[in-house]
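Taking it in order: structure first as structure tokens, then the write-up.
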Amino acid sequence: MAAQEMDDSTRISYSVVAGSFMVFQFLFSAVSPHLSSSFSQRYRELPAGKKCEWDSRCVSTSHALIVGSFCLYILAFDEKVNADPVWGDPRLVKMNVAITCGYLLYDILLLARYWKLMGDAYFICHHLAVLYAYGYVLNRGVLPYFANFRLISELSTPFVNQRWFFDATGQPRSSWPVLLNGFAMVTVFFLVRIAVIPRYYGEVFATFGTEAFEKLGRGPQVAWIISSVVLDILNFLWMYKILRGFYRVLSRASWKKAQTRHAD
Numbered sequence: 001m002a003a004q005e006m007d008d009s010t011r012i013s014y015s016v017v018a019g020s021f022m023v024f025q026f027l028f029s030a031v032s033p034h035l036s037s038s039f040s041q042r043y044r045e046l047p048a049g050k051k052c053e054w055d056s057r058c059v060s061t062s063h064a065l066i067v068g069s070f071c072l073y074i075l076a077f078d079e080k081v082n083a084d085p086v087w088g089d090p091r092l093v094k095m096n097v098a099i100t101c102g103y104l105l106y107d108i109l110l111l112a113r114y115w116k117l118m119g120d121a122y123f124i125c126h127h128l129a130v131l132y133a134y135g136y137v138l139n140r141g142v143l144p145y146f147a148n149f150r151l152i153s154e155l156s157t158p159f160v161n162q163r164w165f166f167d168a169t170g171q172p173r174s175s176w177p178v179l180l181n182g183f184a185m186v187t188v189f190f191l192v193r194i195a196v197i198p199r200y201y202g203e204v205f206a207t208f209g210t211e212a213f214e215k216l217g218r219g220p221q222v223a224w225i226i227s228s229v230v231l232d233i234l235n236f237l238w239m240y241k242i243l244r245g246f247y248r249v250l251s252r253a254s255w256k257k258a259q260t261r262h263a264d
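Residue numbers (full-length UniProt numbering): 1 to 264.
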């Protein structure tokens with residue numbers, strides 16, 4: 001009976017992956033272009049390449065808000081997952097992971113199609129590492145707490161995308177909306193991708209040697225650890241780039257302010 005329930009859960013999860021892929025593709029191909037054309041004059045003036053990236057970032061923000069919110073709900077209210085991080089009831093987590101896997105497959109195909117425009121090797125490495133690890137979550141329902149915990153990082157994505165939207169619409173980088181978004185981006189990115197690392201690995205190490213950990217088997221163990229390390233290396237690289245970019249914006253804004261005072 002338990003095996004049958006797991007098989008049914010796995011089939012449902014992969015159906016969600018397929019549905020997620022199609023929904024995000026539809027948002028990119030139809031919904032974002034229509035809404036953006038209706039509400040943004042600047043979008044209508046963009047070249048085709050920029051419109052493509054605009055639409056992809058709208059989809060990215062939508063995915064981040066859906067998955068990030070679901071992640072916080074599970075962390076706060078799913079007692080079974082929090083009580084048993086390795087083998088807890090994975091049903092809600094698998095749904096969240098399935099949504100993300102569908103999005104990642106959509107995004108990989110999008111990057112491949114528009115590689116000269118949006119291609120980024122870091123993103124491909126990130127997506128493949130996530131799909132590698134999440135395959136075990138979908139197939140075996142293992143490590144639900146840790147799988148869901150990684151998704152908290154998506155809460156930084158809307159701020160990263162908003163920075164691009166400000167650039168695309170010609171908002172001066174020294175303006176207050178851009179500076180405030182930059183500060184929020186740095187802060188949230190650090191909190192959900194860097195500051196959580198000690199807690200995450202503390203809970204990872206706490207499982208080593210336990211019966212639950214040994215029951216996983218070598219495949220899930222290796223996928224879990226390797227993907228976690230790869231993702232956090234990428235997070236540190238992105239954090240460095242974000243800090244460097246924000247420092248440059250602040251320096252440029254301070255220089256312009258000093259020049260204005262000098263002119264007065």
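Glycine included, C-beta positions come from ideal geometry on N, C-alpha and C.
Here the structure is a predicted model, which means the values were calculated and not measured.
Next item on the list: May I ask which residues mark the beginning and end of the alpha helix (DSSP H) holding L179?
Entry: Residue 179 sits at position 179 when you count from the first residue of the sequence shown. L179: member of the alpha helix (DSSP H) spanning 176 to 189, first to last residue.
Check: Pick from V59, H126, E53, V67: whose alpha carbon is nearest that of R113?
Finding: Working through the sequence shown from its first residue, we reach residue 113 at position 113. Closest option to R113, Cα to Cα, is E53.
Notebook entry, point to check: Does the beta-carbon of I242 have 16 or more other beta-carbons within 10 angstroms, so that it is buried, or is it exposed?
Noted result: On the sequence shown, residue 242 is found 242 positions in, with the first residue counted as 1. Counting the other CB atoms within 10 Å of its CB gives I242 a total of 16 or more, which places it among the buried residues.
Check: Can you name the start and end residues of the alpha helix (DSSP H) that L92 belongs to?
Finding: As a working mapping, residue 92 is identified with position 92 in the sequence shown. It spans 91 to 113 - the alpha helix (DSSP H) in which L92 sits, taken as one unbroken run.
Next item on the list: For E203, count neighbouring C-beta atoms within 10 Å of its own C-beta (all shown protein chains included) and say buried if the count is 16 or more, exposed if not.
Entry: For the purposes of this step, residue 203 is taken as residue 203 along the sequence shown, with counting starting at 1. Classified as exposed, E203 has fewer than 16 neighbouring CB atoms from the shown chains inside 10 Å of its CB.
Next item on the list: Quick one: grab the DSSP three-state call for M1.
Entry: As a first step, residue 1 is located in the sequence shown; it is residue number 1 there, counting from the start. Confidence at M1 is low in this model, with a pLDDT of 46, below 50, so the placement of that residue should be treated as unreliable; the coordinate-derived value is given next. In the structure shown, M1 sits in coil (DSSP, three-state: anything other than H, G, I, E or B).
Next item on the list: Measure the Cβ-Cβ separation of I99 and V31 and say whether it is below 9 Å.
Entry: What you label residue 99 is simply residue 99 of the sequence shown in a count that begins at 1. What you label residue 31 is simply residue 31 of the sequence shown in a count that begins at 1. Not closer than 9 Å, so no.
Next item on the list: For S20, name the three-state secondary structure that DSSP assigns.
Entry: Residue numbering aside, residue 20 sits at position 20 when the sequence shown is read from its first letter. S20 falls in the helix class under three-state DSSP.
Notebook entry, point to check: Between the C-alpha atoms of A76 and F39, what's the straight-line distance to the nearest angstrom?
Noted result: The residue labelled residue 76 in the question sits at position 76 within the sequence shown. The residue labelled residue 39 in the question sits at position 39 within the sequence shown. Whole-angstrom Cα-Cα distance: 36 Å.
Notebook entry, point to check: For S36, which residues from the same chain have a beta carbon less than 6 Å from its beta carbon, with the 5 sequence-adjacent residues on both sides left out?
Noted result: The count along the sequence shown starts at 1 and reaches residue 36 at position 36. Contacts found: Y43.
Notebook entry, point to check: Between L104 and the rest of its own chain, which residues show a CB-CB distance below 8 Å, the 5 nearest in sequence each way excluded?
Noted result: Position 104 of the sequence shown, counting from 1, holds the residue named residue 104. Once the five neighbours on either side are set aside, the close Cβ partners of L104 are H127, V130, L131.
Checklist line | DSSP-derived helix/strand/coil call for W54 | finding: Counting from 1 along the sequence shown, the entry for residue 54 is found at position 54. Helix, per DSSP.
Check: Exposed or buried, K94, counting other C-beta atoms within 10 Å across all chains shown (16 or more means buried)?
Finding: Taking the sequence shown and counting its residues from 1, one reaches residue 94 at position 94. By the 10 Å Cβ count, K94 comes out buried.
Margin query: Measuring only the C-alpha atoms, how far is G119 from L111?
Written below: For the purposes of this step, residue 119 is taken as the residue at position 119 of the sequence shown. For the purposes of this step, residue 111 is taken as the residue at position 111 of the sequence shown. Going from the Cα of G119 to the Cα of L111 covers about 5 Å.
Next item on the list: Evaluate S251 with the Cβ neighbour count: other Cβ atoms within 10 Å of its Cβ, from every protein chain shown; 16 or more gives buried, anything less gives exposed.
Entry: Taking the sequence shown and counting its residues from 1, one reaches residue 251 at position 251. By the neighbour-count rule (16 or more Cβ atoms within 10 Å), S251 is not buried but exposed.
Item checked: Anticipated Cβ contact below 8 Å, L46 with A168, distance rounded -> Reading the sequence shown from its first residue, position 46 is the one you call residue 46. Reading the sequence shown from its first residue, position 168 is the one you call residue 168. Rounded, the Cβ-Cβ distance is 7 Å, consistent with contact.
Next item on the list: Would you verify that the beta carbon of D167 is, or is not, closer than 9 Å to some beta carbon of chain C?
Entry: In summary, chain C is missing from the structure at hand, where a single protein chain is found.
Checklist line | Rounded straight-line distance, which links the Cα of V137 to that of V186 | finding: Taking the sequence shown and counting its residues from 1, one reaches residue 186 at position 186. Taking the sequence shown and counting its residues from 1, one reaches residue 137 at position 137. Distance between the alpha carbons of V186 and V137 is about 30 Å.
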